[in-house]
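The listed protein sequences correspond, in order, to chains A and B.
Residue numbers for the first sequence follow my numbering, beginning at 373 and rising by one.
Residue numbers for the second sequence follow my numbering, beginning at 625 and rising by one.
Just so it is clear, CB atoms sit at the ideal spot from N, CA and C, and this is done for glycine as well.
Worksheet: one structure, shown below.
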Amino acid sequence: MVTVTIFVNGEAVGAEVEDRTTLADFVRDSLHLTGTHLGCEHGVCGACTVLVDDEPVRACITLAAAIAGKEVRTIEGFAGDPAMEVIRECFSEAHGLQCGFCTPGMVITVRDILQRGRCADAAQIRAELAGNLCRCTGYGGIVKATELARDRLKS
Amino acid sequence: MKAAPVTYHRAQSIAQAIELTARYDGTAKLMAGGQSLMPMMNLRMSFAEQVIDISGIAALRESGFFEDRFFMGAGVTHAMIEDGRVEDPTRGYLRHVAGGIAYRSVRNRGTVGGSLAHADPAADWPAALRALDAVAVIEGPDGERQVPLAEFQRGLMETALGAAEVLKGVLLPRLSGKARWSYKKFCRKAGEFAHSIAAVVVDPSLGIANVVVGAIGGKPLRLSMDEKLLRHELAAVVEPSSYEFQLHCTIAKRALAEATQ
């Protein structure tokens, strides 16, 4: 067992967990922050994407112990975030989701690609979103929502 | 799936990482970003009993010019290279390769050294850095040694690293203004492991002229610059009537054309 202390959504939280515990299981099982979803558990689907020190990371292939002392932001930690509010609106308007399983990872990734300016056109957005799988929308709505959010955040 | 139980250790220095790997004699695995090792652990394809986390060792992220060559620390992440946070002595080649690895969330954690030491035949850095004639810098209980990448990867996930050794970084050439390079890979889906990789680096002033094909057999393969010869050499490794053969030939041809025309 290891004692892990991480700053999650601005608060220091500590828990004793098994050494093998991933960051995803840590936030879900120890902190009951179940907005971080687990799809594939081997780094392919992107549903578990969270921010670690402001950078998107796959929580299912990151050990909780390995990020001790770092700042983690899960989907629950974006209330009041101006960019995320716009992204959320645009996902709703442009049909960027249906069942919602991929959405937490999807919007965290979209926020990152908008911040890094990797959203020039639909082709670039699709390439940047290649690591987040959605089995409902066919991606059209997600790409549209991302373009919409890009334009709104610019103006 | 979840990983099987392991014992986690955090190494604070390279010396401590060496000491820990020596202590567990073959049952320990070093973990940098863990972007290849963790999926394997979750799929229960890795049998490590001990995981030694080296991601917190600041010394592994140090880089800089060292006489006429550039030393890149093994702990430098793909994203650091992609963003230009680490100098690129290869006139854009490293940045291009880094930006095409997997997905951004993987690039934020995955490291150059981790990729080389993991030695997946379809990974980017083994082929890309082999084409640069890069040299691995290894630290072990008996001190430091250097191994050219041509001899570093021995086969499928097998390297020259000894049980208690740590890959410290790689020495890279500083490409001249005359250098040309191309890096092509074929993926059916952006970010997936490549089905074929071709890395071409030509720098007459440094005497570098390499065509390296990856995602083939157990390790990257250096081939001739001549297209006819190259086909002949590939045919010795891959069945000439196969789809794979045509794919490798096509990708190599495209990279050669881009780098030499």
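Per DSSP, cross-strand counterpart(s) of residue i
i	result
Trp805/B	Val825/B
Met696/B	Ser687/B, Val794/B
Thr701/B	Thr735/B
Lys653/B	Val675/B
Arg445/A	Leu423/A
Ser820/B	Phe810/B
Gly779/B	Glu782/B
His872/B	DSSP, once it has assigned bridges, lists no residue as partnering His872/B.
Glu388/A	Thr375/A
Thr393/A	Paired residues: none, contrary to the question.
Ala833/B	Val826/B
Sequence-distant residues of its chain with Cβ nearer than 6 Å to residue i (five each side left out)
i	result
Lys808/B	Ala822, Ile875, Arg878, Ala879
Cys462/A	Ala517, Leu520, Ala521
Glu413/A	Cys432
Asp677/B	Arg634, Met655
Val730/B	Gln659
Val374/A	Asp391, Ala437
Ser739/B	Ala747, Trp749
Met665/B	Ala627
Proximal chain B residues relative to residue i, where beta-carbon distance stays under 8 Å
i	result
Asp391/A	Pro629, Val630, Thr631, Tyr632, Val675
Val374/A	Tyr632
Glu388/A	The contacting residues do not exist; Glu388/A stays about 13 Å from chain B at best.
Thr421/A	Ser729
Cβ neighbour criterion (16 or more within 10 Å) applied to residue i
i	result
His404/A	exposed
Leu667/B	exposed
Leu853/B	exposed
Met669/B	exposed
Met625/B	exposed
Ser464/A	exposed
Glu691/B	exposed
Asp426/A	exposed
Glu500/A	buried
Cys471/A	exposed
Glu782/B	exposed
Phe450/A	buried
Asp453/A	exposed
Thr377/A	exposed
His856/B	exposed
Beta-carbon proximity list for residue i, same chain, < 7 Å, skipping 5 on both sides
i	result
Thr735/B	Ala656, Gly657, Ala698, Gly699, Val700, Thr701
Thr446/A	Val380, Asn381, Val399, Leu405, Gly407, Thr408, Val422
Val458/A	Ala521, Arg524, Leu525
Ser402/A	Ala387, Val389
Gly723/B	Glu706
Within chain A, partners of residue i - CB distance below 7 Å
i	result
Gly688/B	Neighbours of Gly688/B on chain A: none; closest Cβ ~24 Å, over 7 Å.
Under 7 Å from the C-beta of residue i: neighbouring residues of chain B
i	result
Arg430/A	Ser729, Val730
Ala499/A	Ala814
Asp484/A	Arg728
Ala502/A	Tyr727, Lys813, Ala814, Gly815
Chain A residues whose Cβ lies nearer than 9 Å to that of residue i
i	result
Lys626/B	Arg392, Thr393, Thr394, Asp397, Glu413
Ser679/B	Ala438, Ile439
Residues that residue i contacts on chain B, provided the C-beta gap is smaller than 9 Å
i	result
Gly418/A	Tyr727, Ser729
Thr434/A	Gly657, Gly658, Gln659, Met662, Arg733
Gly407/A	Ordered by position in chain B, no residue passes the 9 Å Cβ test against Gly407/A, which lies about 16 Å from the chain.
Glu427/A	Ala703, Arg728, Ser729, Asn732, Arg733
Own chain, CB closer than 8 Å to residue i, minus 5 neighbours either side, in chain order
i	result
Ser687/B	Phe694, Phe695, Met696, Gly697, Val700, Val710, Glu711, Gly793
Arg728/B	Ala703
Arg719/B	Ile705, Glu706, Gly708, Asp712
Gln496/A	Arg490
Interface residues of chain A facing residue i [CB-CB closer than 8 Å]
i	result
Leu667/B	His414
Review point. Touch check for the region 743-751 of chain B and the region 776-793 of chain B: three-plus C-beta pairs under 8 Å?
Key: yes
Check your understanding: Can we say the region 640-652 of chain B touches the region 497-510 of chain A, given the rule of at least three CB pairs closer than 8 Å?
Key -> no
Exercise for review: State whether the region 754-771 of chain B contacts the region 782-802 of chain B, with contact taken as three or more CB pairs (one from each stretch) at a distance under 8 Å.
Suggested key: yes
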